[in-house]
Amino acid sequence: MLRFTTAGESHGQALVSILEGMPAGVPLVAEHIDSELARRQQGYGRGRRMQIERDTAEMLSGVRAGETLGGPIALLIRNRDWANWQEIMDPAPREGDAGGALRRRAVTRVRPGHADLTGILKYDRDDARDILERASARETTARVAAGAIAKRLLIELGVTIGSHLVHLGGIDARRPDELPADLNAAADESPLRTLDAEAERRMVEKIDVIKREGNTLGGVCEVVVDGLPAGLGSHVSWDRRLDGRLAGAMMSIPAVKGVEIGMGFGAARVTGAEVHDEMEPAPGRTRAGNVRRRSNRAGGLEGGMTTGEPLVVRVAMKPISTLMRPLATVDVASGDAAKAVAERSDVTAVPAMGVIAEAMAALVLGRAVLEKFGGDSLGEVQRNLDGYLSHLAARLGG
Ligand code: EPS
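Just so we're aligned, residue 26 is where the sequence shown starts under the working numbering, counting upward by one.
What follows is the structure in structure tokens.
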């Protein structure tokens with residue numbers, strides 16, 4: 026079973042990711058991971074932190090001579106900013122807080138919308154830094170590193186994942202009827218990872234205005250997965266339905282507040298004839314069971330299973346909760362009314378969120394692929410997939 030966990034604080038020494046359950050023999054070099062980490066660091070509207078960090082992953086285990094070994098893969102991503110935070114983040118006990126640095130730097134004016142307040146109540150802390158360091162979206166670096174490896178497995182099996190930004194702070198991007206063959210090559214050209222140059226211009230202007238106002242913006246990214254065979258996930262039990270598993274993974278990304286598959290909420294507003302994808306025979310479309318859907322409003326999922334059409338998931342992110350013109354709050358040290366802490370932050374991180382959503386999709390789909398075609402080596406997985414595809418090829422007059 027493919028699973029992963031992460032560790033690390035935003036201004037601690039490093040982030041760690043452990044990915045377990047990858048079969049042996051998957052080609053993997055540092056560049057596969059580092060290129061994804063670099064994509065996550067892009068995006069107009071990010072703050073000064075991204076100029077400090079140059080995220081690269083050290084492979085500590087599970088990989089030898091450019092191939093996975095089948096054992097747990099441990100990855101280490103160092104925080105460059107640690108050099109500036111050693112005194113504050115040092116794990117060693119402080120003798121009476123020499124110099125009062127910890128007290129002076131304590132975060133007590135908790136930010137509305139952030140984990141700060143509920144975190145200190147639940148974990149019984151006085152300094153919200155004990156919460157925000159782990160709640161920070163810096164953690165998603167470790168997810169993208171693990172997801173980059175899941176992507177390599179999927180690529181070997183003919184499955185590719187891309188994303189683009191479709192909405193930012195009230196401005197829609199036009200979605201082309203036909204997406205570019207290499208979606209990420211096109212989207213990564215844009216500073217906002219959007220395919221609509223005119224909308225991009227207005228979005229950049231809006232980010233500049235909102236930044237001057239000390240405010241923040243959210244938005245929506247669309248993840249598209251091509252090449253999935255029909256039949257990943259299952260209709261038989263609630264926790265095997267792939268739509269639920271994907272939505273859960275996307276909702277676990279910090280600041281994500283909504284997920285739509287295919288038409289999503291739009292499907293609730295119109296009739297069945299306007300929602301369901303009509304089918305026709307299509308010999309040779311093996312991965313879709315020799316059938317073509319005339320539309321893909323279902324977003325590639327029916328009955329909790331992939332249909333063989335592209336998987337389309339849209340993910341909505343709220344505006345970042347650190348505002349330079351802070352909102353009203355309570356100072357938890359005094360109990361008095363106050364203005365929230367205004368630490369350095371981003372105006373928006375929606376373009377990065379798209380890359381993170383790709384990683385989460387890769388981890389969920391990698392697991393679903395191994396459930397169905399699982400093996401200890403890439404060769405075994407490929408043989409299992411090939412056997413299933415020859416079975417599909419023979420169905421429905423194919
Ligand atoms: C974040 C605040 C900012 C972001 C950070 C997430 O960091 P800092 O507090 O150091 O200025 O840059 O995102 C990252 C570091 C990253 O790698 O994405 C927050 O509070 O969530």
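Quick reminder that beta carbons are idealized off the backbone N, C-alpha and C, glycines included.
- Listed by position in the chain, the residues whose beta carbon lies within less than 5 Å of some heavy atom of the ligand EPS are R74, S161, A162, R163, R369 and S370.
- Pairing V406 with F398 gives a Cβ-Cβ distance under 7 Å.
- For A341, the enclosing beta strand (DSSP E) has its first and last residue at L336 to M342.
- By the 16-neighbour rule on beta-carbons within 10 angstroms, S35 is buried.
- Going by C-alpha positions, R154 is about 39 Å away from L336.
- The DSSP-derived three-state label of P116 is coil.
- Under the three-state reduction of DSSP, T93 is assigned to strand.
- Note on geometry: alpha-carbon atoms of R265 and R237 lie some 46 Å from one another.
- Non-local C-beta neighbours of E383 in its own chain, meaning closer than 6 Å and more than five positions away in sequence, comprise I186, S188 and V248, ordered along the chain.
- In the DSSP assignment, M378 falls outside any beta strand (DSSP E) and lies within the alpha helix (DSSP H) extending over V375 to F398.
- Here DSSP, grouped into helix, strand and coil, assigns I235 to helix.
- The alpha-carbon separation between D59 and T81 amounts to approximately 5 Å.
- Cβ atoms of L53 and E92 come within 8 Å of each other, at about 7 Å.
- A check of alpha carbon separations from R105 across A117, A418, I345 and R73 identifies R73 as the nearest.
- 7 Å or more divides the Cβ of R199 from the Cβ of A365.
- Annotation: E334 to A313 spans about 6 Å, alpha carbon to alpha carbon.
- Beta bridge pairing from DSSP links F29 with L44.
- L182 and A140 have their C-alpha atoms roughly 39 Å apart.
- Put simply, the backbone Cα of K147 is about 10 Å away from that of I156.
- When rounded, the separation of the alpha-carbon atoms in A386 and A393 is 10 Å.
- DSSP, read as helix, strand or coil, puts I345 in coil.
- Only buried fits V375, as 16 or more other CB atoms lie within 10 angstroms of its CB.
- For E181, the enclosing alpha helix (DSSP H) begins and ends at T165 to E181.
- Using a Cβ distance threshold of 7 Å, R103 and V380 do not count as a contacting pair.
- Residue pairing for T331: DSSP places it in a beta bridge opposite L326.
- By the neighbour-count criterion, in which a residue is buried when 16 or more other Cβ atoms sit within 10 angstroms of its Cβ, A298 is exposed.
- A residue is called buried once 16 or more other Cβ atoms fall within 10 Å of its Cβ, and R130, having fewer, is exposed.
- The alpha-carbon separation between A358 and A108 amounts to approximately 28 Å.
- Going by beta carbons, G423 and P254 fall outside the 7 Å limit.
- M84 is bridged by DSSP to L100.
- Residue burial is scored here from C-beta neighbours: E230 has fewer than 16 other C-beta atoms within 10 angstroms and is therefore classed as exposed.
- Its Cα nearest to that of S320, the residue E305 stands out among E305, G329, L395 and L62.
- Bounds of the beta strand (DSSP E) holding E305 are M304 to P306.
- Rounded to whole angstroms, the gap between the alpha carbons of T143 and G252 is 42 Å.
- In this structure, the alpha-carbon of T31 lies about 43 Å from that of A419.
- T241 sits away from P116, with the two beta carbons spaced by 7 Å or more.
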